[in-house]
Amino acid sequence: MKNQGGEKMKFDHKVLIVDDDIQVGNVLAAILKQIGVSSVYASNGVEALSKIEKMRSTFSLVITDQRMPGMKGTELLERISQISPDTVRFLTTGYADINAVVEAVNRGRIHKYISKPWQTEQLFEDLKAGLKQYELLVESENLFRIAKEQNARLYALNKDLKQSAARQTKILAELEEEIAHEKIKMELTSTSEEGCLINDPASPSKKTVKDKRLESGKFSDFDSQTAIEEIKKKILMVDGMDEKKATLIFEEAVKKIFADFQKIALQRGFEFLLTSQ
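If you want our numbering, it's the position in the sequence shown, counting the first as 1, plus 8.
Encoded structure:
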């Protein structure tokens with residue numbers, strides 16, 4: 009039996025014949041050979057169970073006589089139903105064991121009862137039907153197994169998708185929060201560049217210091233040189249500080265401030281250029 013992915017399964021049938029009469033076994037083997045099926049012979053129930061245990065693959069069908077030394081056919085088939093449930097089970101008998109046969113059929117131990125002597129043509133059809141029954145059973149189990157595996161994969165995929173969606177949601181939330189922070193920083197930067205807002209008592213509207221300077225045509229409100237000197241004085245007030253160290257510290261501070269403003273400017277689409285006066 010082979011299963012090539014989604015292709016139809018291919019079966020290499022093998023039938024177990026159990027009968028204490030070797031001649032009956034040979035006849036059944038010849039019939040099976042005509043329909044392209046190989047067979048294994050056992051003369052009693054114990055031997056049959058041994059062959060089943062040693063068999064690497066499952067017998068597609070077992071056909072056994074009812075009256076044999078030691079183990080009866082119904083008992084053998086009941087044991088086989090437990091150790092190899094997929095195997096189709098046929099019982100043959102030439103004796104009046106109808107009650108035992110009916111009980112075995114009703115309890116699911118056998119799939120078909122064939123009386124001796126049998127009709128060869130009918131036996132052909134019965135054997136073909138039994139092998140087809142085995143194929144349908146195995147294919148059904150295989151489809152169930154595939155469906156179960158696919159369901160497990162779909163479950164795992166759905167779980168991964170949910171986890172991925174949660175991660176993406178978290179990333180988007182963090183990104184939105186970062187954008188909101190950057191927006192606030194940009195707005196604060198914009199306000200800083202345009203000048204501090206002040207209230208004009210004479211007007212309901214607000215004007216910036218920059219607006220006031222533009223209206224007056226000068227920037228006398230703020231003396232940058234004086235502010236620089238004041239900063240230097242504060243630096244020099246630190247213990248152990250001299251003019252050279254203060255100048256170096258001041259220059260580094262200016263560089264850092266300029267770099268920060270340059271970064272903000274580039275984000276807003278323009279650039280600060282230093283020119284000599």
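Think of the CB as a built atom: it goes at the ideal place given N, C-alpha and C, for glycine as much as any other residue.
Query, Result
"Restricting to runs no shorter than 3 residues, where is the beta strand (DSSP E) found entirely within the stretch 89-129?", "96-101 and 120-123"
"Could you check if residue 76 is buried or exposed, using at least 16 other CB atoms within 10 Å of its CB as the buried criterion?", "buried"
"Cα separation between residue 88 and residue 110?", "18 angstroms"
"Just to confirm, is the Cβ distance from residue 122 to residue 97 under 7 angstroms?", "no"
"Helix or strand or just coil, what does DSSP make of residue 28?", "coil"
"Kindly indicate the opening and closing residues of the alpha helix (DSSP H) around residue 58.", "53-62"
"Buried or exposed for residue 292, please, with buried defined as at least 16 other CB atoms from any protein chain shown within 10 angstroms of its CB.", "Outside the displayed span of the chain (9 to 285) sits residue 292, for which this structure offers no information."
"What separation, rounded to the nearest whole angstrom, lies between the Cα atoms of residue 159 and residue 147?", "18 angstroms"
"Which one of 79, 82 and 24 has the shortest CA to CA distance from residue 67?", "24"
"Over the uninterrupted beta strand (DSSP E) stretch that includes residue 46, give me the two end residues.", "46-50"
"Given this structure, state the Cα-to-Cα distance separating residue 151 from residue 34, to the nearest angstrom.", "36 angstroms"
"Measure the C-alpha to C-alpha separation of residue 21 and residue 153 and round it to an integer number of angstroms.", "21 angstroms"
"I'd like the list of long-range same chain contacts for residue 102, defined as Cβ closer than 6 angstroms, with 5 residues on each side in sequence excluded.", "124"
"Roughly how many angstroms separate the alpha carbons of residue 136 and residue 65, rounded to a whole number?", "20 angstroms"
"Kindly list the residues whose CB is nearer than 8 angstroms to the CB of residue 132, restricted to its own chain and excluding five residues on each side of it in sequence; keep chain order.", "39, 42 and 43"
"Buried or exposed: residue 74, going by 16 or more other Cβ atoms within 10 Å of its Cβ?", "buried"
"If we call anything under 7 angstroms between Cβ atoms a contact, is residue 78 one with residue 107?", "no"
"If we ignore side chains and look at the alpha-carbon of each, how far apart do residue 255 and residue 171 end up?", "56 angstroms"
"Check residue 82 in the structure and name its three-state DSSP category.", "helix"
"Any heavy atom of the ligand ADP inside 6 angstroms of the beta-carbon of residue 40?", "Of ligands this structure carries none, so the ligand ADP is not represented either."
"Check this for me: beta carbons of residue 26 and residue 56, under 7 angstroms apart or not?", "yes"
"Return the first residue and the last residue of the beta strand (DSSP E) that residue 73 is part of.", "69-73"
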